[in-house]
Amino acid sequence: MKKQSIDYSLIAASHHESGHCLVALLNLIQVSDVGVAIDGSDAVGLTQFYMYKNTVIEDRELHELLVLSDLLVAYAGLQAERLYYKDICGSSKFPLHLKVGSAEDTASAYKLIRTNNLATPGKETSILKKKLQSEVEQMLIAYWDDVKLVAHQLYKRRRLYYRDLRSMLCRKPNENREFWKSIFKKIDFIHHDTKVPEEQEVKEVLYKNAVTINR
């Protein structure tokens with residue numbers, strides 16, 4: 000029973016990190032690597048990614064776009080676990096004890112909201128949180144087969160890198176491969192190793208991409 004419990008935890012963690020990973024990519028954030036591992040009697044995971052420049056952004060609208068993208072990624076792990084749980088048992092009532100692994104994500108999201116003055120504490124923050132979680136849920140539902148694809152490979156291999164993600168999402172038989180080719184092309188433009196694009200260029204790409212993924 001203990002081994003089964005740990006295995007379920009590892010599968011759930013794989014879907015959790017896959018959620019972070021896919022929402023990051025959908026928002027043109029470069030995911031350097033994503034991994035899961037067994038820690039004692041539980042599974043832990045980590046998704047590492049790079050935001051544009053990682054320095055002070057002068058353009059206010061671009062800064063807000065990047066912060067909102069960061070928030071969507073923060074909420075994506077728990078939402079992916081919720082969808083996975085519903086997928087396997089048909090229930091939308093996600094057990095409270097399974098939310099524990101998302102405490103750090105929730106705290107990170109709350110800090111982002113407070114630091115950037117996106118909403119006042121209380122009702123306004125609650126409304127913003129629900130809005131963002133709803134957006135994340137719709138993204139994950141739209142690309143759920145790709146979330147599962149990454150989660151399954153993560154469970155098998157324990158760690159995936161940017162090149163691995165590109166390879167599995169952009170090749171046959173993935174039906175969304177042409178879409179993902181366009182996503183990785185945009186990511187490579189924004190996070191170019193030698194030629195960093197101007198803020199206005201990045202803002203235009205992000206706006207157009209947001210329209211595309213939310214159709």
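Each residue of the sequence shown is one higher than the one before, counting from 0 in numbering that gives the first Met the number 0.
Note that beta-carbon positions come from the ideal geometry of N, C-alpha and C, so glycine has one too.
Treat the numbers as computed from the prediction; the structure is a model and nothing was measured.
Burial state of residue i (16 or more Cβ within 10 Å)
i, result
"residue 46", "buried"
"residue 14", "buried"
"residue 189", "buried"
"residue 206", "exposed"
"residue 197", "exposed"
"residue 184", "exposed"
"residue 135", "buried"
"residue 202", "buried"
"residue 76", "buried"
"residue 210", "exposed"
"residue 112", "buried"
"residue 140", "exposed"
Distance CB(residue i)-CB(residue j) smaller than 9 Å
i, j, result
"residue 63", "residue 26", "no"
"residue 71", "residue 182", "no"
"residue 51", "residue 128", "no"
"residue 149", "residue 21", "yes"
Alpha-carbon spacing of residue i relative to residue j, whole angstroms
i, j, result
"residue 10", "residue 43", "10 Å"
"residue 199", "residue 39", "47 Å"
"residue 65", "residue 161", "20 Å"
"residue 173", "residue 16", "20 Å"
"residue 78", "residue 68", "15 Å"
"residue 19", "residue 156", "17 Å"
"residue 36", "residue 6", "11 Å"
"residue 191", "residue 89", "43 Å"
"residue 49", "residue 102", "22 Å"
"residue 8", "residue 154", "11 Å"
"residue 138", "residue 194", "30 Å"
"residue 60", "residue 4", "45 Å"
CB contact below 9 Å: residue i versus chain B
i, result
"residue 108", "In the structure shown, chain B cannot be found, because there is only a single protein chain."
Residue i: CB within 8 Å of a non-hydrogen atom of the ligand SAH
i, result
"residue 71", "For the structure depicted, the ligand SAH is absent and the ligand set is empty, with no information on it obtainable."
DSSP state of residue i mapped onto helix, strand, coil
i, result
"residue 42", "strand"
"residue 93", "coil"
"residue 195", "coil"
"residue 51", "coil"
"residue 113", "helix"
"residue 79", "helix"
"residue 37", "strand"
"residue 158", "strand"
Q. Counting Cβ pairs, one atom from each stretch, are 3 or more of them under 8 Å apart for the region 141 to 148 and the region 90 to 107?
A. no
Q | Three or more C-beta pairs below 8 Å linking the region 29 to 38 and the region 74 to 87 | A | no
Q: Flag this pair as touching only if the region 99 to 111 and the region 165 to 177 have three or more C-beta atom pairs under 8 Å; answer yes or no.
A: no
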